[in-house]
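In our numbering, each number is its position in the sequence shown, counted from 1, plus 36.
Please read the structure below before turning to the comments.
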Amino acid sequence: MAIPPPDAARLAALNEHYAFGLSEAELAEFGPAVTATLAASDRVEELYRASAPQTPQRAWSEPADNPLGGWYVTTSVPGAAEGPLAGRTVALKDNICLAGVPMTNGSATVEGFVPSRDATVVPRLLAAGATITGKSVCEDLCFSGASFTSRPWPVRNPWDTGRNAGGSSSGSAALVASGGVDLAVGGDQGGSICGSPMIGEASAIRGSDARGTEALRPGVP
């Protein structure tokens, strides 16, 4: 069972701790109901396994050269031979699923998670010819406008490494500004791109159907 049900002793302890005031008879009646409720999570897992796609085998590694802390992991997922993004390298903010490649959303609470499905933007990028070269570091659960709450490390400003890079799409902006990639994808539901590109040579492009997902490109005059 994904969530182990509490036994009689545990229920009694919870009853005492929270002063629920349940009698022994009520606890005995309550126990099976708790077990049945928590068993629903097992059924959810069974249903998911029956329809889950096979996770692709995509090689990835920890970044060997990462002076700004912009990379979480690096990979190489080539796209179509032709298309508007052919020959362009792209980084994905680490709140965007790339199947078979770890994703933390910048948080220790998500470490170890490997998505089995690609986010919608991934096949679109690949169909356009882009090569996805890694996941860029973002703020812890994307809840910061700076760049120092992120896991596994902070992101530094390429123009002054003693300063932060803005956030929460900090890694995406730093990689584009420093020339680490041609393009990067981020999310701007709460201003997470609007702050980061202010570090310099990066500008945000909003797609008409992006639904909160945006791209960063080298700045233009």
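Don't be surprised by glycine CBs; every beta carbon is placed ideally from N, CA and C.
Computed from a predicted model, the values in this text were never measured in an experiment.
Under 8 Å between C-beta atoms of Gly106 and Val191: yes
Alpha carbon to alpha carbon, what distance is there between Phe56 and Val137? 45 Å
Threshold first: 3 residues or longer. Then list the beta strand (DSSP E) segments lying entirely within the region 83–134, N to C. 107–113, 125–129
Contact check, Ala213 vs Asn200, beta carbons under 8 Å: no
Decide yes or no for the touch test of the region 162–176 against the region 125–136: beta carbon pairs closer than 8 Å, at least 3 of them. The region 162–176, when compared against the region 125–136, does touch it at the 8 Å Cβ threshold.
Run through DSSP, which three-state label would Ala220 get? strand
Provide the residue span of the beta strand (DSSP E) that contains Asn200, from first to last. 196–200
Does Arg46 come out as helix, strand or coil in the three-state DSSP assignment? helix
Pick helix, strand or coil for Thr140, following the three-state DSSP scheme. coil
Flag this pair as touching only if the region 184–198 and the region 103–118 have three or more C-beta atom pairs under 8 Å; answer yes or no. yes
Is Gly207 closer than 8 Å to Tyr108 when the C-beta atoms are compared? yes
Based on the DSSP secondary-structure assignment, which residues constitute the bridge partners of Gly170? Thr110, Ala127
Does DSSP classify Arg192 as helix, strand or coil? strand
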